[in-house]
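Engineer:
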Amino acid sequence: MRARRTIRTLIGCLLLSVAGIPVPAAAAGPPAAVGGGPPGASSGGPALVSSAVGASGPVGASAASGAVGPSGIPPLLDDRGRTLTLRGWNVEDKTGRGDQALKAITEKHFRDLRANGFNFARLLVFWDDLEPRRGHYSAEYLRRIERVLDWARAHGIQVLIDAHQDVFGPAFGHRGIPAWATRTDGLPFTPHPDDWFAEYFEPAVQRAFTHLYEDDDLRRAQAQMWRVLAGRLGDHPAVFGYDLINEPMGELRQGEDLPTAARRIERDQLTPMYNRLADAVRSVDDESRLFIEPTPIVGEGVPTGLGRIDDPGVVYAPHFYNAAMEAGADYDPSAGWIESYETAVTVYPRTYGVPVVVGEWGPLNNSLPNMGRFYRDALTSLNRYSSGWAGYVWCYGGGYCALDERGRFRTNKEQTATPYAAAVAGRVISDAHDPGLVPGLAPGQDPGLVSGQDPGIDPGLGTYRLTYRASMRPGTTEISLPPSASERRISVTGPAVADIRTAVAGRSHRVRVAALPGARITVSVTPVGRR
Numbered sequence: 383m384r385a386r387r388t389i390r391t392l393i394g395c396l397l398l399s400v401a402g403i404p405v406p407a408a409a410a411g412p413p414a415a416v417g418g419g420p421p422g423a424s425s426g427g428p429a430l431v432s433s434a435v436g437a438s439g440p441v442g443a444s445a446a447s448g449a450v451g452p453s454g455i456p457p458l459l460d461d462r463g464r465t466l467t468l469r470g471w472n473v474e475d476k477t478g479r480g481d482q483a484l485k486a487i488t489e490k491h492f493r494d495l496r497a498n499g500f501n502f503a504r505l506l507v508f509w510d511d512l513e514p515r516r517g518h519y520s521a522e523y524l525r526r527i528e529r530v531l532d533w534a535r536a537h538g539i540q541v542l543i544d545a546h547q548d549v550f551g552p553a554f555g556h557r558g559i560p561a562w563a564t565r566t567d568g569l570p571f572t573p574h575p576d577d578w579f580a581e582y583f584e585p586a587v588q589r590a591f592t593h594l595y596e597d598d599d600l601r602r603a604q605a606q607m608w609r610v611l612a613g614r615l616g617d618h619p620a621v622f623g624y625d626l627i628n629e630p631m632g633e634l635r636q637g638e639d640l641p642t643a644a645r646r647i648e649r650d651q652l653t654p655m656y657n658r659l660a661d662a663v664r665s666v667d668d669e670s671r672l673f674i675e676p677t678p679i680v681g682e683g684v685p686t687g688l689g690r691i692d693d694p695g696v697v698y699a700p701h702f703y704n705a706a707m708e709a710g711a712d713y714d715p716s717a718g719w720i721e722s723y724e725t726a727v728t729v730y731p732r733t734y735g736v737p738v739v740v741g742e743w744g745p746l747n748n749s750l751p752n753m754g755r756f757y758r759d760a761l762t763s764l765n766r767y768s769s770g771w772a773g774y775v776w777c778y779g780g781g782y783c784a785l786d787e788r789g790r791f792r793t794n795k796e797q798t799a800t801p802y803a804a805a806v807a808g809r810v811i812s813d814a815h816d817p818g819l820v821p822g823l824a825p826g827q828d829p830g831l832v833s834g835q836d837p838g839i840d841p842g843l844g845t846y847r848l849t850y851r852a853s854m855r856p857g858t859t860e861i862s863l864p865p866s867a868s869e870r871r872i873s874v875t876g877p878a879v880a881d882i883r884t885a886v887a888g889r890s891h892r893v894r895v896a897a898l899p900g901a902r903i904t905v906s907v908t909p910v911g912r913r
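In the numbering used here, the protein residues as written are 383 to 913.
1. What does DSSP give as the partner residues of residue 471 in its beta bridges?
2. Determine the contact status of residue 798 and residue 847, defining contact as a CB-CB distance below 8 Å.
3. Rounded to the nearest angstrom, what separates residue 442 and residue 617 at their Cα positions?
4. Decide yes or no for the touch test of the stretch 726 to 733 against the stretch 747 to 758: beta carbon pairs closer than 8 Å, at least 3 of them.
5. Check each candidate in 853, 813, 852 and name the one with the smallest Cα separation from residue 845.
6. Buried or exposed for residue 911, please, with buried defined as at least 16 other CB atoms from any protein chain shown within 10 angstroms of its CB.
7. Do residue 887 and residue 872 have their beta-carbon atoms positioned less than 8 Å apart in this structure?
8. Please report the straight-line C-alpha distance between residue 491 and residue 505, rounded to a whole angstrom.
9. Excluding five sequence neighbours on each side, which residues of the same chain lie with their C-beta closer than 6 Å to the C-beta of residue 874?
10. Compare the beta carbon distance of residue 864 and residue 890 with 8 Å and say whether it is the shorter of the two.
11. Roughly how many angstroms separate the alpha carbons of residue 703 and residue 773, rounded to a whole number?
12. Have a look at residue 572 and residue 545 and give me their C-alpha separation to the nearest angstrom.
13. State the Cα-Cα distance for the pair residue 511 and residue 554, rounded to the nearest angstrom.
14. For residue 872, write down the residues that DSSP places opposite it in a beta bridge.
15. So, are the CB atoms of residue 804 and residue 467 less than 8 Å apart?
16. Could you check whether residue 710 and residue 747 sit closer than 8 Å to each other, using their CB atoms as the reference points?
17. Indicate the three-state DSSP secondary structure (helix, strand or coil) for residue 479 in the structure shown.
18. Between residue 631 and residue 677, is the Cβ-Cβ spacing less than 8 Å?
19. Output the distance between the C-alpha atoms of residue 853 and residue 469, rounded to the nearest integer angstrom.
20. Buried or exposed: which applies to residue 450, given that a residue is buried once 16 or more other Cβ atoms fall within 10 Å of its Cβ?
21. For residue 674 versus residue 698, is the C-beta spacing smaller than 8 Å?
22. I'd like to know if the stretch 660 to 674 and the stretch 642 to 651 are in contact, where contact means that at least 3 CB-CB pairs between them fall below 8 Å.
23. Could you check what DSSP says for residue 675 in three-state terms: helix, strand or coil?
24. Classify residue 868: buried if its beta carbon has 16 or more other beta carbons within 10 angstroms, exposed otherwise.
25. With DSSP as the reference, please indicate the residues paired to residue 902 in a beta bridge.
26. Distance check for residue 569 and residue 500, CA to CA, integer angstroms please.
27. Residue 736: which of 691, 778, 626, 712 sits nearest, CA to CA?
28. For my contact list, residue 588 and residue 652 are in at a C-beta cut-off of 8 Å; report their separation, rounded to the angstrom.
29. Ordered along the chain, which non-local residues of its own chain (more than five positions away) have a Cβ less than 7 Å from that of residue 726?
30. Determine the DSSP secondary structure at residue 683, reduced to helix, strand or coil.
31. Considering only residues of the same chain and omitting the five flanking positions on each side of residue 464, which have a CB-CB separation below 7 Å?
32. Buried or exposed: residue 574, going by 16 or more other Cβ atoms within 10 Å of its Cβ?
33. Could you tell me which of 764, 794, 657, 536 sits nearest to residue 749, measuring between CA atoms?
34. Kindly identify the DSSP beta-bridge partner or partners of residue 702.
35. Identify whether residue 580 lies in helix, strand or coil by the three-state DSSP scheme.
36. Relative to the alpha-carbon of residue 810, which residue among 816, 662, 901 has its alpha-carbon at the smallest distance?
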């Protein structure tokens, strides 16, 4: 209710200013219920961030995508027609099982996501934990998922529920499809402890995928798993959508090369599976989005063979990994991999008119010499065609973790925390961020921010400008600002008003803008002392 009053106040101030009536400074400044930062901070609390989920969260599937943009790919829309951008990270607990399932995930994960300006999390869940015995679903596991969703809601994070599998599941020492649903016909399996992805090409693993796709009873079991999951979680305010299966693979036929096999599997097995699972989800949840993935082979610049999924709420959700970089190689800008990937991955959404959200991305070794360039090139590419992404992975430590043990961004990952338009009430004309260095800092001098970026670099700084044509339908534009070393000024050109004019240093902010219908609006966020 406080958020609704805030928006009404903004619109009222806008109408007064257009009419030439002076607006009191208090009305134009940051209201008590509006501002950024984690809940409990002086500028906001749980009531605010909960309202943010209501504003940009789950919507009717009919509003999944809008008019085609400059990329030829439709944007992701909410039920009010606002253009959405999702930016965040995967959140996981792959080690905890049974009584320990999901215990590695805490409220801190979501508090820190919000504090760094993110609005999205892809939450890994496992069928083998949900249904450890056939037909017996774990009520405790569902309660633990709901607890995680409650934390996400409290901190304004929208969640994609990901039915995750790695190398099929526990029958092969991993997570995902239960052992009781694993059929290998006695084919061999040899572990590859130094190259786990190679295990996908073991005969037993490939045959298990074939049975999952083709056996009627396993088809029914997978559909029922989704009915249980979506039926229990679909009404939760934090749930944005469902990723129906992570990185699906399949069985190569004799004489078939990998790209040919991938296209056949996607066409003949994954497309029918996604249509079955869409029907299952829609029997209990007609609003949440359905995220579909190709095989991981798309990462090598191979267009998918997926066909049409007969649901208006489909989002294409490829992953963005390079085999050489996963094996430890540095990024080679001259190789053209990012360009090849973008060319391949955009064919499907252009053909079928669906938005794109990249479900996983990010290299293992971020400190190699060219990795700073990789993040700049990758983010530039992603911004051209996608409605958002989830990096891998939001945890505290080494490996793929975004943060170190102190909660500070690891090398180069700070580049993911930039200003962006989380929701635009209109048609985006341009959206650009010019990153900058921390003013007055010498190389090696630590700005000491919440996000903990590299010394002298502040991706939350620079100048951000959003230009859009306001919708004829009333709505509020929301801009997310990550923490910055500098105070920032928010200015609006055109008949519009922002709820805050100054973003203080050291914490995140959510700027809300109300505009007159049909007007051309430019919102600029500029560090103090810079024009």
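From the three backbone atoms N, C-alpha and C, an ideal C-beta is built for every residue, glycine too.
Quantities reported herein were computed from a predicted structural model and do not represent experimental measurements.
Structural biologist: For this structure:
1. As a working mapping, residue 471 is identified with position 89 in the sequence shown. Note: residue 471 sits in a beta bridge opposite 503, 773.
2. Indexing the sequence shown from 1 puts residue 798 at position 416. Indexing the sequence shown from 1 puts residue 847 at position 465. Not closer than 8 Å, so no.
3. Looking up residue 442 in the sequence shown gives position 60. Looking up residue 617 in the sequence shown gives position 235. The predicted position of residue 442 is uncertain, since its pLDDT is 44 and thus under 50; no value can be drawn from it.
4. no
5. Indexing the sequence shown from 1 puts residue 845 at position 463. When each option's Cα is compared against that of residue 845, the closest is 813.
6. On the sequence shown, position 529 is the one that residue 911 refers to. Residue 911 should be labelled exposed.
7. By 1-based counting over the sequence shown, the position of residue 872 is 490. By 1-based counting over the sequence shown, the position of residue 887 is 505. No.
8. Taking the first residue of the sequence shown as position 1, residue 491 is located at position 109. Taking the first residue of the sequence shown as position 1, residue 505 is located at position 123. Cα to Cα, residue 491 sits roughly 11 Å from residue 505.
9. Position 492 of the sequence shown, counted from the first residue, corresponds to residue 874. Excluding residues within five positions, the ones whose Cβ falls inside 6 Å are 880, 905.
10. The sequence position of residue 864 within the sequence shown is 482, counting from 1. The sequence position of residue 890 within the sequence shown is 508, counting from 1. Against a cut-off of 8 Å, the Cβ pair of residue 890 and residue 864 comes out as a contact.
11. For the purposes of this step, residue 703 is identified with residue 321 of the sequence shown, where counting begins at 1. For the purposes of this step, residue 773 is identified with residue 391 of the sequence shown, where counting begins at 1. Using only the alpha carbons, I get a separation of about 11 Å.
12. Here the question's residue 572 lines up with position 190 in the sequence shown. Here the question's residue 545 lines up with position 163 in the sequence shown. When rounded, the distance between both Cα atoms is 25 Å.
13. For this step, residue 511 is matched to residue 129 along the sequence shown. For this step, residue 554 is matched to residue 172 along the sequence shown. If I take the Cα positions, the gap works out to 15 Å.
14. The residue given as residue 872 occupies position 490 in the sequence shown. Answer by DSSP bridge pairing, in chain order: 907.
15. Stepping through the sequence shown from its first residue, residue 804 is reached at position 422. Stepping through the sequence shown from its first residue, residue 467 is reached at position 85. Yes.
16. Here residue 747 is taken as the residue at index 365 of the sequence shown, counted from 1. Here residue 710 is taken as the residue at index 328 of the sequence shown, counted from 1. It is a contact, given that the beta carbons lie within the stated cut-off.
17. For the purposes of this step, residue 479 is taken as the residue at position 97 of the sequence shown. If DSSP states are grouped into helix, strand and coil, residue 479 belongs with coil.
18. Indexing the sequence shown from 1 puts residue 631 at position 249. Indexing the sequence shown from 1 puts residue 677 at position 295. A contact, by the Cβ cut-off of 8 Å.
19. Here residue 853 refers to the residue found at position 471 of the sequence shown. Here residue 469 refers to the residue found at position 87 of the sequence shown. Roughly 23 Å separates the two Cα atoms.
20. Here residue 450 refers to the residue found at position 68 of the sequence shown. Residue 450 comes out exposed.
21. In the sequence shown, residue 674 corresponds to position 292, counting from 1. In the sequence shown, residue 698 corresponds to position 316, counting from 1. In contact: residue 674 and residue 698 (Cβ atoms closer than 8 Å).
22. no
23. Looking up residue 675 in the sequence shown gives position 293. Coil.
24. Taking the sequence shown and counting its residues from 1, the one referred to as residue 868 is at position 486. By the 10 Å Cβ count, residue 868 comes out buried.
25. For the purposes of this step, residue 902 is taken as the residue at position 520 of the sequence shown. Answer is 851, bridged to residue 902.
26. On the sequence shown, residue 500 is found 118 positions in, with the first residue counted as 1. On the sequence shown, residue 569 is found 187 positions in, with the first residue counted as 1. Whole-angstrom Cα-Cα distance: 45 Å.
27. The sequence position of residue 736 within the sequence shown is 354, counting from 1. Answer by Cα proximity: 691.
28. Here residue 588 is taken as the residue at index 206 of the sequence shown, counted from 1. Here residue 652 is taken as the residue at index 270 of the sequence shown, counted from 1. Not confirmed; about 14 Å, so no contact.
29. The residue you call residue 726 lines up with position 344 of the sequence shown. Once the five neighbours on either side are set aside, the close Cβ partners of residue 726 are 680, 683, 684, 685.
30. For this step, residue 683 is matched to residue 301 along the sequence shown. Reduced to three states, the DSSP call for residue 683 is coil.
31. Stepping through the sequence shown from its first residue, residue 464 is reached at position 82. For residue 464, where only same-chain residues beyond five positions count, the Cβ hits under 7 Å are 805, 806, 807, 857.
32. As a first step, residue 574 must be located in the sequence shown, where it is residue number 192. By the neighbour-count rule (16 or more Cβ atoms within 10 Å), residue 574 is not buried but exposed.
33. As a working mapping, residue 749 is identified with position 367 in the sequence shown. If we check each option's Cα against that of residue 749, 794 comes out closest.
34. Stepping through the sequence shown from its first residue, residue 702 is reached at position 320. BP columns for residue 702 point to 743.
35. Taking the first residue of the sequence shown as 1, we reach residue 580 at position 198. Residue 580 falls in the helix class under three-state DSSP.
36. Start at 1 with the first residue of the sequence shown, and residue 810 comes out as number 428. Residue 901 is the option with its Cα nearest to residue 810.
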